[in-house]
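In my numbering, the protein residues as written are 9 to 202.
Glycine residues also receive a C-beta, built at the ideal position from the N, C-alpha and C atoms.
All values derive from a computational prediction rather than experimental measurement.
Right, one structure below, let's go through it.
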């Protein structure tokens, strides 16, 4: 329950404890955006009720339409992967007042890999069994890439030797994140992998 039983120190890791209504609101908002992206696709089923007789009361909502709406929401909530992604994205979304400092234009062309990686202090990075979440975005990760990116999320840095173990696809992600200012190189090196 958070009560100290002896001498101790308290540390804040910057993890916001969510309230249920606030978290549900954020997840439903994200789910709404996710569903809007599917509008008009083959996943977007059109309501049909050919057995509906002509309405006697024009303003009455048909029970079949209410059932269709309920089933549509239940179907969207049924997919745990969507909710897991939305949770990770929500928990890592930077506050509106947070901004990142991308590298100067003249430095962009000097990007050398591998190099040591230190997350920017404002970067929020989490993971679950299948994804990496960083600053409100989610990416599927598996194998060695997942292990290394999870280490980065936990420890906030990778050595150049560790970073050299990432696949080309993960390196391209790392480069994009660097260009956003989400991490900074430590000891840009091309030959020394210590």
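Closest to residue i by C-alpha separation, out of the options, would be which residue?
| i | options | result |
| --- | --- | --- |
| residue 192 | 162, 116 and 154 | 116 |
| residue 136 | 165, 90, 58 and 178 | 90 |
| residue 173 | 76, 64 and 124 | 124 |
| residue 151 | 140, 145 and 144 | 140 |
| residue 194 | 182, 166, 105 and 118 | 166 |
| residue 142 | 149, 45 and 134 | 134 |
| residue 82 | 48, 43 and 60 | 43 |
Which residues in the same chain have their Cβ closer than 7 Å to the Cβ of residue i, if we skip the five residues on either side of it in sequence?
| i | result |
| --- | --- |
| residue 66 | none |
So, with DSSP's three-state summary, where would you put residue i?
| i | result |
| --- | --- |
| residue 50 | coil |
| residue 88 | helix |
| residue 148 | strand |
| residue 9 | Caution applies to residue 9, whose pLDDT of 48 falls short of 50 and renders its modelled position unreliable; the value that the coordinates give is listed next. If DSSP states are grouped into helix, strand and coil, residue 9 belongs with coil. |
| residue 19 | Residue placement at residue 19 cannot be trusted, given a pLDDT of 48 that sits under 50; what the coordinates show is reported in the next sentence. Residue 19 falls in the coil class under three-state DSSP. |
| residue 174 | coil |
Tell me which same chain residues have a C-beta within less than 8 Å of the C-beta of residue i, skipping the five on either side of it?
| i | result |
| --- | --- |
| residue 85 | 39 and 91 |
| residue 97 | 38, 141, 144, 145 and 146 |
Label residue i either buried or exposed according to how many other C-beta atoms from any shown protein chain fall within 10 Å of its C-beta, with 16 as the threshold for buried.
| i | result |
| --- | --- |
| residue 3 | Outside the shown range of the chain, which is 9 to 202, sits residue 3, and nothing can be said about it. |
| residue 252 | With the chain covering 9 to 202 only, the question about residue 252 has no answer from this structure. |
| residue 33 | exposed |
Segments assigned beta strand (DSSP E), at least 3 residues, entirely inside the stretch 98–131:
124–127
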